[in-house]
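Let me begin by presenting the structure, written as structure tokens, before commenting on it.
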Amino acid sequence: MTSPRVSVLMSVYNGKDFLRKSIDSILNQTYTDFEFIIIDDGSTDGTTEILNSYKIPNVRVRIQENHGLTKALNTAISLSRGEYLARQDADDISNPQRLERQVKFLDENGKVGLVGTYYNRIDLRGNILQDMKPLVRSDELKKRLETHNQFAHGSVMFRRRCIECVGVYREEFRVAQDYDLWLRISERFDVANLPEFLYQWRLNLSSQSVRSLDVQNAHASMASELAKERRSRGVDRLRESSPEERAAWTRDFLKSRLGDVRDGEAFGYNKWAKVFLDGGNHQEAIRFILRSLSVDPFRIDTWKLLCQAGKRIAAR
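All letters in the sequence shown, in the order written, are residues 455 to 770 by my numbering.
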């Protein structure tokens, strides 16, 4: 059997609400030489039934117990056969020409190992809230990556030889596993973003990046710290330590970066409420504001944001 050029990798856990739109956005691509590997990571909400309804040769579904995103993506990689690996998140949308554009770019730029795209942040109805334009050039990206992720996880495509060179997602990262991998790839390959809006990233109240922004930031800080070690010594402690030492260091590092759990959750809802408010979705902004206040009713900046939202609604 001839291997496809591209393997699209998705992990989904209880994502039935937007799953069909996400899957269909890949199946409706102008580029067709791909396999679509979907890991159902222990869903209990009807996701499995949706996945089983896709009786299509190039869609391969693996149903397993819940192990988390990092392990699920590594399982998908182990099952993949493509020269290029592309990500897709289960509540996001890829524009029809996304894979075609990325394959063409990688074919024409042999030194580039990883390519993402401009992307839109969208609300639950698919309305655009923000146009996100990350850096494009490899030299600028590598510098900025030292402190900030510059790729929407679901938007990327990377070469198989990248992971053969630097390894897969590291399981010490429950979140921000993508940032750690992009840093490692960028140290060995050029990287890029296409200056085209080819991906739509949905802001969802239940998503990890919304609910646990402080946890996300702590793991991103850990990825950045490990990159510093590699720049100074050529290797980081996760590569040279024993499993017990890695576990202890990871636990202690994250503990030092995490504050009060309640405050972190309230902060996350507050941040995304501002995005909805600036994007004109006042109803969803109010939902996020109220969720923030339910977690921490004494957060002054959230009360101020509620007043601001009320004024904007009254002025409509």
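Backbone N, C-alpha and C fix where the C-beta goes; we use that ideal spot for every residue, glycine too.
Computed from a predicted structure; not experimentally measured.
Problem set entry | Those residues which DSSP pairs with S465 across a bridge | Numbered from 1 along the sequence shown, position 11 holds the residue referred to as residue 465. As computed with DSSP, S465 is found in a beta bridge with I493.
Exercise. What's the C-alpha gap between N528 and Q631?
Worked result: The count along the sequence shown starts at 1 and reaches residue 528 at position 74. The count along the sequence shown starts at 1 and reaches residue 631 at position 177. Taking the straight line from one Cα to the other gives about 11 Å.
For this session: Could you spell out where the alpha helix (DSSP H) holding P697 opens and where it closes?
Result: Numbered from 1 along the sequence shown, position 243 holds the residue referred to as residue 697. Element bounds for P697: 697–711.
Exercise. Considering only the beta carbon of each residue, do V460 and I492 sit closer than 8 Å?
Worked result: Stepping through the sequence shown from its first residue, residue 460 is reached at position 6. Stepping through the sequence shown from its first residue, residue 492 is reached at position 38. Contact flag unset, no.
Exercise. Taking all protein chains shown into account, do 16 or more other C-beta atoms lie within 10 angstroms of the C-beta of F730, making it buried, or fewer, making it exposed?
Worked result: The count along the sequence shown starts at 1 and reaches residue 730 at position 276. The residue in question, F730, is buried, as its Cβ has 16 or more Cβ neighbours within 10 Å.
Exercise. Does the beta-carbon distance from V610 to V569 come in below 8 Å?
Worked result: Position 156 of the sequence shown holds residue 610. Position 115 of the sequence shown holds residue 569. Yes. Within cutoff.
Exercise. Opposite I517 in the DSSP bridges: which residues?
Worked result: In the sequence shown, the residue the question calls residue 517 occupies position 63. Its beta-bridge partners are D494.
Problem set entry | According to DSSP, residues forming a beta bridge with V566 | Position 112 of the sequence shown, counted from the first residue, corresponds to residue 566. D644, per the DSSP bridge assignment.
Problem set entry | Inter-stretch contact at 8 Å, needing at least 3 Cβ pairs: the segment 498–506 / the segment 570–587 | no
Problem set entry | Close-in-space but distant-in-sequence residues of the same chain around I480 (CB under 7 Å, 5 per side omitted) | Within the sequence shown, numbered from 1, the residue matching residue 480 stands at position 26. Cβ neighbours of I480 beyond the five flanking positions: V462, F490, Q542, S548.
Problem set entry | Which listed residue (N658, H607, E683) has its alpha carbon closest to that of L523 | For this step, residue 523 is matched to residue 69 along the sequence shown. Of the listed residues, the one whose Cα sits closest to L523 is H607.
Exercise. When the Cα atoms are used, what is the spatial distance from T601 to S678?
Worked result: Numbered from its first residue, the sequence shown carries residue 601 at position 147. Numbered from its first residue, the sequence shown carries residue 678 at position 224. The straight-line gap from Cα to Cα measures roughly 6 Å.
Exercise. Which of helix, strand or coil does DSSP assign to I480?
Worked result: Against the sequence shown, residue 480 aligns to sequence position 26. Here I480 sits in helix by DSSP.
Problem set entry | Presumed contact (8 Å Cβ cut-off) between Q604 and L595, rounded CB distance | In the sequence shown, counting from the first residue as 1, residue 604 sits at position 150. In the sequence shown, counting from the first residue as 1, residue 595 sits at position 141. Q604 to L595, Cβ: 5 Å. Contact.
For this session: Compute the Euclidean distance between the alpha carbons of A702 and F721, then round it to the nearest angstrom.
Result: Taking the first residue of the sequence shown as 1, we reach residue 702 at position 248. Taking the first residue of the sequence shown as 1, we reach residue 721 at position 267. Taking the straight line joining both Cα atoms gives about 27 Å.
For this session: Please classify I510: does DSSP put it in a helix, a strand, or coil?
Result: Translated into positions along the sequence shown, residue 510 becomes position 56. If DSSP states are grouped into helix, strand and coil, I510 belongs with coil.
For this session: Look at S592 and D644 and say whether their C-beta atoms are less than 8 Å apart.
Result: For this step, residue 592 is matched to residue 138 along the sequence shown. For this step, residue 644 is matched to residue 190 along the sequence shown. With contacts defined as CB atoms closer than 8 Å, S592 and D644 qualify as a contacting pair.
Exercise. So what's R541 in DSSP terms, helix, strand or just coil?
Worked result: Counting from one through the sequence shown, the residue named residue 541 turns up at place 87. Of the three classes helix, strand and coil, the one that applies to R541 here is strand, per DSSP.
For this session: For N735, collect the residues of the same chain with a Cβ closer than 7 Å to its Cβ; drop the 5 residues on either side in sequence, then sort them by chain order.
Result: Numbered from its first residue, the sequence shown carries residue 735 at position 281. Hits under 7 Å: D577, N581, L583.
Exercise. Since R711 and S675 are thought to touch, with beta carbons under 8 Å apart, how far apart are those beta carbons, to the nearest angstrom?
Worked result: As a working note, residue 711 is residue 257 in the sequence shown. As a working note, residue 675 is residue 221 in the sequence shown. Between R711 and S675 a beta carbon distance of about 5 Å is seen, short of the 8 Å cut, so the two are scored as contacting.
Exercise. How would you write the range of the alpha helix (DSSP H) that L760 sits in, first residue to last?
Worked result: Translated into positions along the sequence shown, residue 760 becomes position 306. Element bounds for L760: 754–769.
Exercise. Cβ atoms of D545 and S476: under 8 Å apart, would you say?
Worked result: Along the sequence shown, one-based indexing puts residue 476 at 22. Along the sequence shown, one-based indexing puts residue 545 at 91. Result yes, Cβ atoms of S476 and D545 sit closer than 8 Å.
Problem set entry | N- and C-terminal bounds of the beta strand (DSSP E) containing D809 | Here the chain comprises residues numbered 455 to 770, so residue 809 is not present and cannot be evaluated.
Exercise. Going straight from the alpha carbon of R624 to that of E694, what length do you get?
Worked result: The residue labelled residue 624 in the question sits at position 170 within the sequence shown. The residue labelled residue 694 in the question sits at position 240 within the sequence shown. Rounded to the nearest angstrom, the two C-alpha atoms are 14 Å apart.
Problem set entry | Cα-Cα separation, L553 to Q483 | Residue mapping note: residue 553 aligns to position 99 of the sequence shown, counting from 1. Residue mapping note: residue 483 aligns to position 29 of the sequence shown, counting from 1. Approximately 7 Å, taken between the alpha carbons.
Problem set entry | Counted within 10 angstroms of its Cβ, other Cβ atoms place C616 as buried (16 or more) or exposed | The residue you call residue 616 lines up with position 162 of the sequence shown. Label assigned to C616: buried.
For this session: Report all residues from its chain with a CB closer than 7 Å to the CB of P649; omit the five preceding and five following residues, and keep chain order.
Result: One-based indexing of the sequence shown puts residue 649 at position 195. Taken in chain order, the residues that qualify are Y572, V590.
Exercise. Which residues in the same chain as K728 place their Cβ atom closer than 7 Å to its Cβ, once the five residues preceding and following it in sequence are excluded?
Worked result: For the purposes of this step, residue 728 is taken as the residue at position 274 of the sequence shown. The beta carbon of K728 lies closer than 7 Å to those of L759 in the same chain, with the five residues before and after it left out.
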